[in-house]
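Notes follow once the structure below has been shown.
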Amino acid sequence: MFIVEYLKEVTNAVKSLATGMKLTGYYFTHHKEIITQEYPDNRATLKMADRFKGEVVMPHDANNEHACTGCTSCELACPNGSIKVITKFDINADGKKKKAVDQHIYRLDMCTMCGLCIEACPTDAIKMANTFEHSVPDRNMLVKRLNNNGSKIREGVE
Amino acid sequence: MYHINEIVKNNTLIPSILAEADANDYIINIGPQHPATHGVLNLLITLNGETIKKVEPHLGFIHRSMEKMCESLSYRQFIYVTSRMDYLSAHINNHACALLVEKALQIEVPERAQYIRVIMDELTRIASHLLWWGAMAMDMGAFTPYFYAFRERELLTEIMEDTCGARLTMNYMVPGGVMQDPHEKFQHRVTTEFLPLLKSKLHEYEELVTDNIIFQNRVKDVGILSKEDAISYGCSGPTARASGVECDIRKLYPYDIYNKVEFNEVFETAGDSMARYLVRMKEIKESVSIIEQLIDNIPEGDFQAKTKAVLKLPKGEFYQRVETARGELGIFVVSEGGTTPYRIKFRSPGFSNLSCLDHITRGSKIGDLVASMGTLDLVIPDIDR
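Protein chains in written order, with the numbering used here: chain X, 296 to 453; chain Z, 267 to 651.
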């Protein structure tokens, strides 16, 4: 009886190994099921998700205008201190002083892409872009100024 | 002046393990850089021949002082830190933080947000178990299962990327709901792409690993943890459930809409590595059934409750627990009434589960250590924080 049980065990063992090998063989002969894409080769067709959090950008319209009021909500919301808003005082047409953004400094090297600044922004002036190729030769190039040169706040944004 | 021998004898830096070892014992290090530890965990092992006499885990290689760090962050900001603890169940960690703030401020979360949160939690649980399955098989010498697991997990991370904007550390949960409405294709992709794919591939996992005779011989009756020991070591999650302990937080202390969904708490009674393996494989199926119940019934409405811009917790102590993929995660906050916590303590599942490693491997062979450690599902940043 011992021999019979022993042989049964051996047959079952061989069978279980063969089942696994059958599966491996299936994928060996079915190349279409392979889903791996190699990154630099597929750059032309690679499409990132719309919401992918790659970096913070400040969209400007055709008149070089943005929606940032310089309220520093994003600076306060950032957990890593990667945003610094330097403000200035503009003088309106009617002679009143008004707070405005001078430089919106964004440090990509300190950013963890948590998206809390986007949540905090009351005027939707900044958003996450889905770019991801951020490598640069010098670390200082990752410190970015988000508002364009000579840009000003859009009419009607308070 | 001391003699060199006296310095060695009196030096407290030399681990206690050296003092206990006999002359014939080997003391070897596994880690901090070892493929089987999945991170920077150092195990000092005393060996008598091939038999393990003692296992002493040494931690601290990836300590980032998260608890201290959270004391300087506001109640919105500290959530993102917890994604870096147990990064494989980042959603569930964030969920715990959000629940704690909501509990303290008595914010009512819209039902839509609750549904989305639970679906995301269960998707994360599946992703975590899939990765564990591949990594555990790789520890034991089978390299291919890793790729099979990553094939299904890839689709899951793409779905996460569509909705949350990130693949691993999503930071999607905020106090009062979720950050954004799910992507318009979210329901479609989960129901028509992910769930059918996972269901059609689950049998492959069984053919490849579960039924494999070599795997079975390596995990059966290895690393046995009895019910009493599981309780006394504070084990939770699949590790404790494999020993027959009833410890599913989703059943015992339901949060969000877990009391409305029907699911079974998976048990095994053997307590060995095979039981821990089977519990996780069955949990994947349970998670699939939870998602199926919810995905088509997400109610309309807001995805986030209106909250104040600056959150101030009332003075007092708050505790919230959730069931992550590894076990019970507890967050304890002491508030002085300010905008930042006075003290935060995380009770992470990994630390307690690791503590039973010495107990379950003592007296077994060194090859069994990897099998026991693999099925404990350790994530080192979760242990160390």
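Here a beta-carbon is modelled for each residue, glycine too, at the ideal position from N, C-alpha and C.
query                                                                                                                 : result
Residues near G603 (chain Z) in its chain [Cβ-Cβ closer than 6 Å; skip 5 each side]                                   : K581
Touch test, the region 318-335 of chain X against the region 381-391 of chain X, Cβ-Cβ under 8 Å, three pairs minimum : no
Sequence-distant residues of its chain with Cβ nearer than 7 Å to V511 (chain Z) (five each side left out)            : K493, A496 and I497
Nearest neighbour of L560 (chain Z), chosen from Z:K572, Z:H324 and Z:I523 [CA to CA]                                 : Z:I523
Positions along the region 397-430 of chain X whose CB lies within less than 7 Å of some CB in chain Z                : T407, M408, C409, G410, L411, E414 and M423
Reduced DSSP secondary structure (H/G/I, E/B, other) of N308 (chain Z)                                                : strand
Sequence-distant residues of its chain with Cβ nearer than 7 Å to D419 (chain X) (five each side left out)            : A362
Y268 (chain Z) - DSSP class collapsed to helix/strand/coil                                                            : Confidence at Y268 (chain Z) is low in this model, with a pLDDT of 47, below 50, so its placement is unreliable and the value that follows should be read with caution. Three-state DSSP puts Y268 (chain Z) in coil, outside helix and strand.
Bridge partner(s) assigned by DSSP for H399 (chain X)                                                                 : X:V380
M408 (chain X) versus Y471 (chain Z) - alpha carbon distance                                                          : 35 Å
Inter-residue spacing [alpha-carbon to alpha-carbon] between L635 (chain Z) and S509 (chain Z)                        : 18 Å
Outcome for N530 (chain Z) when other beta-carbon atoms lying within 10 angstroms are tallied against a minimum of 16 : exposed
Contact under 8 Å by Cβ, L371 (chain Z) with L577 (chain Z)                                                           : yes
Per-residue DSSP class, three states only, for S614 (chain Z)                                                         : coil
Beta-bridge partners of N425 (chain X), as assigned by DSSP                                                           : Beta-bridge pairing links N425 (chain X) to no other residue.
Stretch pair the region 468-486 of chain Z + the region 371-383 of chain X: three plus CB contacts closer than 8 Å    : no
Minimum Cβ-Cβ distance from R346 (chain X) to chain Z less than 8 Å                                                   : yes
Reference D568 (chain Z), options Z:K631, Z:M445 and Z:L461, closest by Cα                                            : Z:M445
Bounding residues of the alpha helix (DSSP H) (the contiguous stretch that carries G640 (chain Z))                    : I632 to L642
With 16 other Cβ atoms within 10 Å as the buried cut-off, status of T485 (chain X)                                    : The requested residue 485 (chain X) is not part of the displayed model; chain X covers only 296 to 453.
As assigned by DSSP and simplified to three states, the class of M436 (chain Z)                                       : coil
Within-8 Å CB hit, N437 (chain Z) to chain X                                                                          : yes
contact_flag[the region 431-441 of chain Z, the region 344-356 of chain Z] where n(CB pairs < 8 Å) is 3 or more       : yes
Beta carbon of M426 (chain Z) nearer than 8 Å to that of H361 (chain Z)                                               : no
Length of the line joining the Cα atoms of V367 (chain X) and R440 (chain X)                                          : According to the sequence as given, residue 367 (chain X) is Thr; it is not Val. In a straight line, the C-alpha of T367 (chain X) is about 15 Å away from that of R440 (chain X).
Inter-residue spacing [alpha-carbon to alpha-carbon] between P376 (chain Z) and E473 (chain Z)                        : 43 Å
Chain-ordered chain Z contacts of I293 (chain X) [CB-CB under 8 Å]                                                    : Because chain X is modelled from 296 through 453, residue 293 (chain X) falls outside the range shown and cannot be assessed.
Interface flag, G390 (chain X) vs chain B, CB-CB below 8 Å                                                            : Going by chain labels, chain B is absent from the structure shown, which instead holds the protein chains X and Z.
Close beta carbons around A487 (chain Z), own chain, < 6 Å, minus the five adjacent residues each side                : Note on residue identity: the sequence assigns Asp, not Ala, to residue 487 (chain Z). So the qualifying residues of the chain are D538.
Own chain residues within Cβ distance below 8 Å of L464 (chain Z), not counting five before or after                  : I392, E418, I550 and V554
Best match in Z:E388, Z:K334 and Z:R587 for proximity to Y519 (chain Z) [C-alpha to C-alpha]                          : Z:R587
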